[in-house]
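**Student:**
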DNA sequence: ATTAAATGTACGGCAAGCCTAACACTTTGT
DNA sequence: ACAAAGTGTTAGGCTTGCCGTACATTTAAT
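Protein chains in written order, with my numbering: chain A, 1387 to 1534; chain B, 1387 to 1534.
Here it is in structure tokens:
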């Protein structure tokens, strides 16, 4: 009974709900609507859908919350996002906005195994020094030479 | 008049057509159907759609080919795929099948700029040696230690 | 407490993409 | 050349996910 896939769109809803919970006390549908830039009615639909899948607790006009399974799923997605963002910013040196944008899309399609390797790669890079050269510094230099 | 975005689905069709052209003389719709694992009728629809966008030359029961714009677009997608595959296999050390799978999905969502950086990162890595350590070798060692 | 504003929902619609089944055209084998 | 098999097309249907509008409910202001 593990890991039923949900659509990228539903992942976004879950992730957003989770983020709002982290920041505020209650989750209002309109807040989800604003963050995802979709209509209020789309949020209602999505919530019903997520409720069917037992990922959110939902009832008409009622408080929105994540079920344990929903929270687990949301955390996973958020974690993927964070790893990707970290890679893009701290390794590739992409600017923050673009890194966010890319992470938002990549998080829905990257496999578990690639994620795992990416995590280790990041860890490895942060500590890798060799004969007083910092690897990432070297890459930045290399990159900015190629820029011109 | 540059770079109108098309859907991930249409990108797959374009890419597949391009691949078939590289391998065989003529493109048959059924071949596209087989490779993309969709029904024959879905191919017809997609071809009409791509023809509307002036990316393929299409007429009922007629030979399928790419327009110059279509070929350009297909090349771009294939190139992205190749870069991602290269990164996954040669840098992260992901196995070939999984790298193909991931590349197929990532190619539709990665931005131009991230791609550009990835290309340079790969280039940089291939040549980066330092005090007789090969960087990628070091990562492989690091990775396999963590594996256990 | 009452009303105005804000928020949530239901309903009907639309587009993308996929499907199956039936039919049209082409190719192939004899 | 002609039937059978293969391929391409059309028509109709389904699902996901979005929208706008109108209505229901809740919240906030007075």
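The C-beta atom is built at its ideal place from N, Cα and C for all residues, glycine as well.
(1) Scan the segment 1416 to 1459 of chain B and note each continuous beta strand (DSSP E) run of 3 residues or more that stays entirely inside, going in chain order.
(2) Buried or exposed for residue 1465 of chain A, please, with buried defined as at least 16 other CB atoms from any protein chain shown within 10 angstroms of its CB.
(3) Check whether the Cβ of residue 1497 of chain A lies closer than 7 Å to any Cβ atom in chain B.
(4) Would you say the segment 1410 to 1428 of chain B touches the segment 1467 to 1486 of chain B, given that touching needs at least three Cβ pairs under 8 Å?
(5) Where residue 1499 of chain A and residue 1488 of chain B are concerned, what is the direct C-alpha to C-alpha distance, given to the nearest angstrom?
(6) Leaving aside the five residues before and after residue 1429 of chain B along the sequence, list all residues of the same chain whose C-beta is less than 6 Å from its C-beta, in chain order.
(7) Alpha carbon to alpha carbon, how far is residue 1432 of chain B from residue 1399 of chain B? Give it in angstroms, no decimals.
(8) In chain B, what lies closer than 7 Å to residue 1436 of chain A by C-beta?
(9) Measuring CA to CA, which of A/1395, A/1404, A/1437 and A/1508 is closest to residue 1462 of chain A?
(10) Chain A partners of residue 1484 of chain B, CB-CB under 9 Å?
(11) By the DSSP assignment, the alpha helix (DSSP H) with residue 1506 of chain B in it spans what residues?
(12) Label residue 1449 of chain B either buried or exposed according to how many other C-beta atoms from any shown protein chain fall within 10 Å of its C-beta, with 16 as the threshold for buried.
(13) Looking only at its own chain, which residues have a Cβ that is under 8 Å from the Cβ of residue 1513 of chain A, when we skip the five neighbours before and after it?
(14) If you reduce the DSSP assignment to three classes, tell me which class residue 1475 of chain B lands in.
(15) Just to confirm, is the Cβ distance from residue 1471 of chain A to residue 1455 of chain A under 7 Å?
(16) Does any residue of chain A have a CB that is nearer than 7 Å to the CB of residue 1476 of chain B?
(17) Check for me: the alpha helix (DSSP H) holding residue 1493 of chain B runs from which residue to which?
(18) Using only alpha-carbon positions, find the residue among B/1494, B/1506 and B/1527 that is nearest to residue 1392 of chain B.
(19) Could you give the first and the last residue of the continuous alpha helix (DSSP H) run that contains residue 1407 of chain B?
(20) Taking C-alpha atoms, which residue in B/1434, B/1527 and B/1475 lies nearest to residue 1446 of chain B?
(21) Mind listing the chain A neighbours of residue 1488 of chain B? Cutoff is C-beta to C-beta under 8 Å, in chain order.
(22) Can you list, in chain order, the residues of its chain with a C-beta nearer than 7 Å to that of residue 1475 of chain B? Leave out the 5 residues immediately preceding and following it.
(23) What number of angstroms, rounded off, separates the C-alpha of residue 1436 of chain B from the C-alpha of residue 1396 of chain B?
(24) Mapping the DSSP letters down to three states, classify residue 1488 of chain B as helix, strand or coil.
(25) Of all the options B/1510, B/1497, B/1411 and B/1526, which has the alpha carbon lying nearest to the alpha carbon of residue 1531 of chain A?
(26) Is there a Cβ from chain A that is less than 7 Å from the Cβ of residue 1413 of chain B?
**Tutor:** Put simply:
(1) none
(2) exposed
(3) yes
(4) no
(5) 10 Å
(6) 1415, 1418 and 1419
(7) 7 Å
(8) What residue 1436 of chain A touches in chain B: nothing, since even the nearest Cβ is about 23 Å away.
(9) A/1404
(10) 1497, 1499 and 1500
(11) 1498 to 1513
(12) exposed
(13) none
(14) helix
(15) no
(16) no
(17) Careful: residue 1493 of chain B lies outside any alpha helix (DSSP H) and carries neither H nor E.
(18) B/1494
(19) 1394 to 1409
(20) B/1434
(21) 1495, 1496, 1497 and 1500
(22) 1482 and 1485
(23) 7 Å
(24) helix
(25) B/1510
(26) no
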